[in-house]
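**Q** Sequence order for the protein chains is A and B. With our numbering, the residue at position 234 of the first sequence is 234, and numbering never jumps. With our numbering, the residue at position 165 of the second sequence is 165, and numbering never jumps.
Protein chains: 2
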Amino acid sequence: MSGIQPPEAPYELFYWPTIQGRGEVVRLALEDAGVAYVDAARLPEKSGGGVAGMMKIMREQSDPGSMRPLAPPLLRAGDVVIAQTAAILHWLAPRIGMCPIDETIRTRALQLQLTLSDLVNESHDVHHPISTALTFEDQRDEALKASKSFRELRIPKFLGWLESVVTGREPGPNAYLAGPFTYVDLSLFWVLRGLGYAFPRTMANLEPKIPRLVLLRDEIASRPRIAAYLASSRCAPFDEDGIFRHYPELDGG
Amino acid sequence: MSGIQPPEAPYELFYWPTIQGRGEVVRLALEDAGVAYVDAARLPEKSGGGVAGMMKIMREQSDPGSMRPLAPPLLRAGDVVIAQTAAILHWLAPRIGMCPIDETIRTRALQLQLTLSDLVNESHDVHHPISTALTFEDQRDEALKASKSFRELRIPKFLGWLESVVTGREPGPNAYLAGPFTYVDLSLFWVLRGLGYAFPRTMANLEPKIPRLVLLRDEIASRPRIAAYLASSRCAPFDEDGIFRHYPELDGG
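1. Roughly how many whole angstroms lie between the Cα atoms of Gly23 of chain A and Lys46 of chain B?
2. Hey, how far is the Cα of Ile82 of chain B from the Cα of Ala109 of chain B?
3. How about His127 of chain A and Tyr247 of chain A: do their beta carbons lie closer than 8 angstroms?
4. Taking all protein chains shown into account, decide if Ser232 of chain A is buried (16 or more other Cβ within 10 angstroms of its Cβ) or exposed.
5. Name the DSSP beta bridge partners of Phe14 of chain A, please?
6. Roughly how many angstroms lie between the CA atoms of Met1 of chain A and Phe181 of chain A, to the nearest whole one?
7. Starting from Gly179 of chain A, follow its DSSP beta bridges and name the residues at the other end.
8. List, in chain order, every chain A residue whose beta-carbon is nearer than 7 angstroms to that of Thr107 of chain B.
9. Comparing alpha-carbon positions, which option in A:Glu8, A:Gly34, A:Ala198 and A:Pro129 lies nearest Asp79 of chain A?
10. Just reading off the beta strand (DSSP E) that Ile82 of chain A is part of, what are its end residues?
11. In angstroms, rounded to a whole number, what distance separates the CA positions of Ala198 of chain A and Lys145 of chain A?
12. Using beta carbons (cut-off 8 angstroms, strictly below), is Val165 of chain B in contact with chain A?
13. If you draw a straight line from the alpha carbon of Leu74 of chain B to that of Leu114 of chain B, how long is it in whole angstroms?
14. If I'm right that Gly179 of chain B touches Ile105 of chain B with Cβ under 8 angstroms, what's the distance once you round it to whole angstroms?
15. Taking 8 angstroms as the cut-off, does the segment 26-44 of chain A touch the segment 220-236 of chain A (at least 3 CB pairs, one atom from each stretch)?
16. Determine, using beta carbons only, whether Leu110 of chain A comes closer than 8 angstroms to chain B.
17. Using a Cβ-Cβ cut-off of less than 7 angstroms, give me the residues of the segment 111-133 of chain B that come near chain D, in sequence order.
18. Please state the DSSP three-state secondary structure of Tyr247 of chain A.
19. Ala236 of chain B CB to nearest chain A CB: under 8 angstroms?
20. Could you check the C-alpha separation between Phe223 of chain A and Ala33 of chain A for me, to the nearest Å?
21. Taking Cβ to Cβ, would you say Tyr229 of chain B is nearer than 8 angstroms to Glu31 of chain B?
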């Protein structure tokens, strides 16, 4: 598979510098792989970084074969610029040891990542059901209504399915979501941490029903590079500007 | 690229039989490619088809290396079972001449498909902002609020970006979304038809600002196999059970 070679240029991630957001699973994959990368929008603006530098990349369309991305995250590696988290990870992961090249496993990982993306989207929309152009406070009543279905139906549906996927794997080195350990396990880790932050009561009630996912989450938290990353200043905390937000009224009671 | 070979078994698509929905862009790709496929859930239940047959496939997890899908659409080709529209198309398209094998173009097509998927998700959520477990009528007030932002901000943002992608291409055989003609052009075609069905007033106002997309939509409508498909009973009509629904009150006025 000669097409799958790491680029000679360093990986540059462009994403909002102060939140985890949709860039976080790309960060986690790069961190766990132990490869060098630049979190470009966290560099000083005077050296071309910051949000201003990211916006400049997004406006540029110098290569007519390429295209201006619609939204971050973006990954740049030499001449390659890719947007959309799942597309970034599909391209990146085989190059950094975060997914086998084998097409069956790679396709399964993409399918899993897209299902996790669906859950991430719903985790966002539950606090912004009407418009991303309005604040949470502007749509708090609607968010309260939306949160009931999200807590009672959607989280259990997604996490129950993910539990069944892991349970269906043979024990051993292929006991992960896609079989072998891949970037989608890191995505699951992030989603479980995010849901635990945003919906601590809901998740505490649900955890007895998803024992394999809880084990997997805790195993990943203890991977040396992940533990080092979580303890570092490179990992932004969860907060109420990101996708997973803790508004206690949305957590039931 | 020895991994990209058509399977020996026929393609079987499993999707809700009476709506277009997230299976439609897979149907369009198979139809435009002119390859044989089975729309399995439209076969009689007594021969293993129908929704009952689809649900049976979704419950089965006989192969421990595989996984039970969470939701349709599913594509089966011999031993391969894939869910998630974008993952299905990424795997299928190079096998049926709907995307080059070249990794740059294939990745770009995936990125575009994922952005179109985001627009499709928002096109659904605008009439179901609170819960998919409730009817539209149960959340009509919230949908009215959500539709303002969708019409005024989101449709123009997505379609303006797609217009800029096409405009950035050199004229000629590489003037399509990903460069050469690919399945994402069919996805765009479906989204434009769907938005035109659901939001005729909004789209009539917007069309002068997206001339290249309108040309592309009309060009695709006249492709012989697409025209034949649209005129056939295989193509379900748009209606108020699918993703794109025409509720006049959501179209502004």
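Backbone N, C-alpha and C fix where the C-beta goes; we use that ideal spot for every residue, glycine too. What you are looking at is a predicted structure, and each value in this text was computed from that prediction instead of being measured.
**A** Put simply:
1. 48 angstroms
2. 18 angstroms
3. yes
4. exposed
5. Note: Phe14 of chain A sits in a beta bridge opposite A:Leu74.
6. Note that Met1 of chain A has pLDDT 44, beneath the 50 cutoff, so the model's placement of it is unreliable and the number below is only indicative. Straight-line Cα distance between these residues: approximately 20 angstroms.
7. A:Tyr176
8. Ile82, Ala87 and Trp91
9. A:Glu8
10. Val80 to Ala83
11. 16 angstroms
12. Chain A, which has a Cβ nearer than 8 angstroms to the Cβ of Val165 of chain B, makes this yes.
13. 17 angstroms
14. 6 angstroms
15. yes
16. For Leu110 of chain A, the nearest beta carbon of chain B is closer than 8 angstroms to its own beta carbon.
17. Absent from the structure: chain D. Protein chains present are A and B.
18. Tyr247 of chain A: coil per DSSP, three-state reduction.
19. no
20. It should be noted that the sequence gives Arg, not Phe, for residue 223 of chain A. As the crow flies, the alpha-carbon of Arg223 of chain A is around 11 angstroms from that of Ala33 of chain A.
21. yes
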